[in-house]
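The working numbering puts the first residue of the sequence shown at 626, with every later residue one more than the last.
We put the beta carbon where it would ideally sit given N, CA and C, even for glycine.
This report concerns only the one structure given below.
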Amino acid sequence: MSLFKRKKPWVELQHEEEFIPKNYSEAGVDTGAKLEDELVGNVDLERIHNATKLMSLDDILDWLDQHQEEFDASTFIVNTDDGNALDTLMGHHPRLIINKLGLTRIRHLNTFLNKANETMVDGGYLWCHSRTSGLKKQIILLSHPGLIGKVLYLFHYGWHRVCARMKITRWFYMWMTKGKNRCYSRVELLGRMYRAGFEVVDERFHRGEYFILGQKFRKPIWDDDPSYGALVKLNRVGYKGHMIGVYKFRTMYPYSEYLQPYILEHEGLQKGGKFAHDYRVNYWGHKLRSSWLDELPMFINILKGQMKLVGVRPLSRQYFGLYTPEMQDLHVSVKPGLLPPFYYDEKTPETLEDVQASERRYIEAYHKRPFATDWRYFWGTIGNILFKHKRSH
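This is the structure in structure tokens:
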């Protein structure tokens, strides 16, 4: 079923001026979810995927127009930039929603994704597409020679990535653009999908466009406040299991916090127990982490009495859930700290089990002699940082 009048997709650089990079991809896409690995159980989705996966975006939209009358009544093809327009689908119980309009064109994207979730049956699918900020950068640089391309991209970055996010300029950006033609990274799009209650079951780049397919697996989140700022406040498990807001300088793309299940499933854990190949960390984030500067705002939590200088890492709910029940109880029996125990250890933990063993040694020693243990761990950690070059990664 088709809803709303189709509009021709519009991009900043007209097609005749574009140089689409061949075989373009981004970190994590190749190891990410693929529809071929899933048990779909939706005939229309399988047919559309098999027929269009090698087509350009324009050809896909034309194909959908030609075949839309052949689809099941539970398949809805929409073309709207208004998330509230999906309220018309309430009661129709969609099993598949296909959005022709690119995600960057939608003014209230979170509303659109959340409404799509609320209208469809459990296990329903949402298929959509966009141009990512990384792909836009490559197109601009390839479409204009040398210095011209770099200057144009600098203006593009300043307008869509800086002015769009700074509180002092964001109102002007939204007034000028009406909230359309935004610029999102692939990580942010994935994070927004998970926030809206969609598990990503397929993602791919093809012929100048990013295609993403989500399957409803829970209700959407409406009541949080995702941050775009340089200073972020992350929900972490604190003392006695109470949730606290931990302050850090941003090192990841926006909406990265919602993406932990996807990273864990498709990338796993690396040496030291952290997520492997964590492409959520941006360029400046790697610089900040290597110098420990991203951790400095945690002193706010220390001053508020929520943390101390030495202690176990404040963990997200997702990561905390990986601990054994016994270690979960031990972990919340002490305040979390800025300097975690494994930076004191002679050998860096290589697995999650190693990390838990390191924390166990610290916690058991701390319960016996609190001050002496923190004093010893503090100076041991400082020595490892200064002379053995241990860093936050």
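Considering only the alpha carbon of each residue, which of L686, S699, W752, M877 lies closest to Y908? The count along the sequence shown starts at 1 and reaches residue 908 at position 283. In terms of CA proximity to Y908, M877 leads the group L686, S699, W752, M877.
Round the Cβ separation of F701 and I722 to the nearest angstrom and send it over; I've been treating them as touching at under 8 Å. For the purposes of this step, residue 701 is identified with residue 76 of the sequence shown, where counting begins at 1. For the purposes of this step, residue 722 is identified with residue 97 of the sequence shown, where counting begins at 1. With 8 Å as the limit, F701 and I722 qualify as a contact, their Cβ atoms being about 5 Å apart.
Using C-beta distances below 6 Å, list every residue in its chain close to H785, excluding the 5 sequence neighbours before and after it, in chain order. Sequence index remark: in the sequence shown, residue 785 carries index 160 (1-based). Residues C808 of the same chain have their beta carbon placed closer than 6 Å to that of H785, with the five preceding and five following residues left out of the count.
Please name the residue or residues paired with N675 in a DSSP beta bridge. Counting from one through the sequence shown, the residue named residue 675 turns up at place 50. According to DSSP, N675 bridges with nothing at all.
Would you call the segment 763 to 777 in contact with the segment 852 to 859, where contact means no fewer than 3 C-beta pairs closer than 8 Å? Because the criterion of three Cβ pairs below 8 Å is not met, the segment 763 to 777 and the segment 852 to 859 do not touch.
Distance, P965 Cα to L1011 Cα: Position 386 of the sequence shown, counted from the start, is the residue given in the question as residue 1011. Position 340 of the sequence shown, counted from the start, is the residue given in the question as residue 965. Straight-line Cα distance between these residues: approximately 16 Å.
Measuring only the C-alpha atoms, how far is R790 from P995? By 1-based counting over the sequence shown, the position of residue 790 is 165. By 1-based counting over the sequence shown, the position of residue 995 is 370. Distance between the alpha carbons of R790 and P995: 43 Å.
Where R790 sits in the DSSP three-state scheme: On the sequence shown, residue 790 is found 165 positions in, with the first residue counted as 1. In this structure, R790 counts as coil in the three-state DSSP scheme.
Tell me the residue span of the beta strand (DSSP E) that contains G870. Translated into positions along the sequence shown, residue 870 becomes position 245. For G870, the enclosing beta strand (DSSP E) covers residues 868 to 874.
State the beta-bridge partners of M877 as determined by DSSP. Residue 877 sits at position 252 when you count from the first residue of the sequence shown. In DSSP, M877 forms a bridge with V906.
To which residues does DSSP link H831 through a beta bridge? Here the question's residue 831 lines up with position 206 in the sequence shown. Per DSSP, E834.
P719 - partner residues in DSSP beta bridges: Residue numbering aside, residue 719 sits at position 94 when the sequence shown is read from its first letter. Beta bridge pairing from DSSP links P719 with no other residue.
Can you name, in chain order, every residue of its own chain whose Cβ lies under 6 Å from the Cβ of Y987, other than the five neighbours on each side? Within the sequence shown, numbered from 1, the residue matching residue 987 stands at position 362. So the list reads P966, once near-sequence residues are dropped.
Among K960, L728, W917, I846, which one has its Cα closest to the Cα of L814? For the purposes of this step, residue 814 is taken as residue 189 along the sequence shown, with counting starting at 1. Checked all of K960, L728, W917, I846; the closest Cα to L814 is L728.
G1008 - DSSP class collapsed to helix/strand/coil: For this step, residue 1008 is matched to residue 383 along the sequence shown. For G1008, the three-state secondary structure derived from DSSP is helix.
What whole-angstrom Cβ distance do Y872 and H754 have, given they're in contact under 8 Å? On the sequence shown, position 247 is the one that residue 872 refers to. On the sequence shown, position 129 is the one that residue 754 refers to. The pair is not a contact, with the Cβ atoms about 36 Å apart (cut-off 8 Å).
Quick check on F945: does DSSP put it in helix, strand or coil? Locating residue 945 in the sequence shown gives position 320, counting from the first residue. DSSP places F945 in helix when its eight states are reduced to three.
Does the distance from the C-beta atom of L977 to that of L859 stay below 8 Å? On the sequence shown, position 352 is the one that residue 977 refers to. On the sequence shown, position 234 is the one that residue 859 refers to. L859 sits away from L977, with the two beta carbons spaced by 8 Å or more.
What residue ranges within the segment 724 to 772 form continuous beta strand (DSSP E) runs of no fewer than 3 residues, ordered along the chain? With a minimum length of 3 residues, the continuous beta strand (DSSP E) runs that stay inside the segment 724 to 772 are 750 to 755.
Do you know offhand how far G749's Cα is from N667's? As a working mapping, residue 749 is identified with position 124 in the sequence shown. As a working mapping, residue 667 is identified with position 42 in the sequence shown. Cα to Cα, G749 sits roughly 9 Å from N667.
Specify, as a first and last residue, the run of the alpha helix (DSSP H) that I685 falls within. Mapped onto the sequence shown, residue 685 falls at position 60. Start and end: 682 to 692.
In angstroms, rounded to a whole number, what distance separates the CA positions of S881 and R817? Stepping through the sequence shown from its first residue, residue 881 is reached at position 256. Stepping through the sequence shown from its first residue, residue 817 is reached at position 192. Roughly 9 Å separates the two Cα atoms.
Beta-carbon within less than 8 Å of W1000's beta-carbon, same chain only, minus the 5 sequence neighbours each way: which residues are those? Position 375 of the sequence shown, counted from the first residue, corresponds to residue 1000. So the list is empty, once near-sequence residues are dropped.
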